[in-house]
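Okay, so the sequence shown: first residue is 1 according to full-length UniProt numbering, each after it adds one. C-beta: ideal position from N, C-alpha, C; glycine also. These numbers were taken from a predicted model, which means no experiment stands behind them.
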Amino acid sequence: MQQYTSNIGDRSQPQPPPPSKVLHIRTASNYEKEVDLNYILPFLSNFGQVVYVVTMPRIKQALAEMDSIENAQKAFDYTGGNIVDIQGKQYYIQYSRSATINREPSYRRTLVEHKGERILLATVHNPLYPITIDIVSAILKPYNVLRVVIFHTNGVQFLAEFQTPEEAKTAKEALDGREIYSNCCLLKMVYSTETSGLNVKFNNDKTRDFTNPSLPTGPN
Numbered sequence: 001m002q003q004y005t006s007n008i009g010d011r012s013q014p015q016p017p018p019p020s021k022v023l024h025i026r027t028a029s030n031y032e033k034e035v036d037l038n039y040i041l042p043f044l045s046n047f048g049q050v051v052y053v054v055t056m057p058r059i060k061q062a063l064a065e066m067d068s069i070e071n072a073q074k075a076f077d078y079t080g081g082n083i084v085d086i087q088g089k090q091y092y093i094q095y096s097r098s099a100t101i102n103r104e105p106s107y108r109r110t111l112v113e114h115k116g117e118r119i120l121l122a123t124v125h126n127p128l129y130p131i132t133i134d135i136v137s138a139i140l141k142p143y144n145v146l147r148v149v150i151f152h153t154n155g156v157q158f159l160a161e162f163q164t165p166e167e168a169k170t171a172k173e174a175l176d177g178r179e180i181y182s183n184c185c186l187l188k189m190v191y192s193t194e195t196s197g198l199n200v201k202f203n204n205d206k207t208r209d210f211t212n213p214s215l216p217t218g219p220n
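Structure representation (structure tokens):
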């Protein structure tokens, strides 16, 4: 185990910030261009609700404000202040010196606010039963979903594009934290950083474009 030296009493060493509901995230790899919220947000959502996020691509950092100090502390305690590996991407997650994220317009001009737009990223926890495109479609149909993409990079996840940001917000508020089946298949939903729309070329068991039912099922 790595050994750490104590600097108690040495005023030349900066003291770590106290617990805060704002977490400071930075990449631990020279190969990453920025903090990827498609990985960070589902990870943090395991500990509580992420209420606000800003990214700083130029310095490969981000700030994430949790709904409480207690839930931010759960995330921090899980990492222990060390590098956390999230699906092959490595990050440091520490407390920020800010109590909340500044939401003033002048601040947002220097930071990129994560608005989510019309696309949600959903992670299915404890998927004891198959999660098919038909099941996902039935769940999202009341919210005017346009396109869905299911993938299995880390368990079961899917992206869902809605017609308006309001419909995406309504779907998230209604479904986040709900179970598809009793005692399993828990949905955790966050806004995706993908804002240009989902590129769906086929209607099959992994992807579906409800605006274009004539799409082929796959390449010929």
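Endpoints, beta strand (DSSP E) assigned at residue i
i	result
residue 31	Where residue 31 is concerned, there is no enclosing beta strand (DSSP E), given that its DSSP letter is neither H nor E.
residue 65	61–66
residue 123	119–125
residue 58	Residue 58 -> no beta strand (DSSP E), and no H or E assigned at all.
residue 27	22–27
residue 101	Looking at the DSSP string, residue 101 is not in any beta strand (DSSP E), and its letter there is neither H nor E.
Straight-line gap, residue i to residue j (C-alpha atoms, nearest Å)
i	j	result
residue 202	residue 212	9 Å
residue 170	residue 161	13 Å
residue 84	residue 97	20 Å
residue 225	residue 66	There is no way to answer for residue 225, as the model of the chain reaches only from 1 to 220.
residue 15	residue 94	13 Å
residue 60	residue 25	9 Å
residue 124	residue 102	32 Å
residue 217	residue 204	5 Å
residue 152	residue 135	16 Å
residue 130	residue 182	14 Å
residue 200	residue 137	15 Å
residue 43	residue 127	17 Å
residue 208	residue 35	29 Å
residue 214	residue 142	22 Å
residue 116	residue 219	Reliability fails at residue 116, whose pLDDT of 49 lies under 50, so the model's placement of it is uncertain and the value that follows must be treated cautiously. About 31 Å.
residue 73	residue 173	24 Å
residue 92	residue 28	6 Å
residue 168	residue 39	19 Å
residue 75	residue 139	29 Å
residue 19	residue 90	22 Å
Nearest-angstrom Cβ-Cβ length linking residue i and residue j, presumed shorter than 8 Å
i	j	result
residue 122	residue 157	6 Å
residue 33	residue 68	Not a contact, Cβ separation roughly 31 Å.
Minimum C-alpha distance to residue i - residue among the options
i	options	result
residue 23	192, 172, 130, 99	99
residue 206	73, 31, 149	149
residue 118	219, 192, 29, 131	192
residue 70	159, 46, 198	46
residue 175	186, 166, 165	186
residue 58	165, 30, 41	30
residue 132	146, 180, 190, 53	180
Boundaries (first-last residue) of the alpha helix (DSSP H) holding residue i
i	result
residue 79	69–79
residue 95	Where residue 95 is concerned, there is no enclosing alpha helix (DSSP H), although the beta strand (DSSP E) it sits in stretches over 89–95.
residue 40	37–44
Any non-hydrogen atom of the ligand SAH closer than 7 Å to residue i Cβ
i	result
residue 197	Only the bare structure without any ligand can be found here, which leaves the ligand SAH out of the picture.
- Task: Write down every uninterrupted run of the alpha helix (DSSP H) in the stretch 132–210 whose length is 4 residues or greater and which is fully enclosed by it, in chain order.
- Result: Listed in chain order, the complete alpha helix (DSSP H) runs (minimum 4 residues) inside the stretch 132–210 are 133–140, 165–175.
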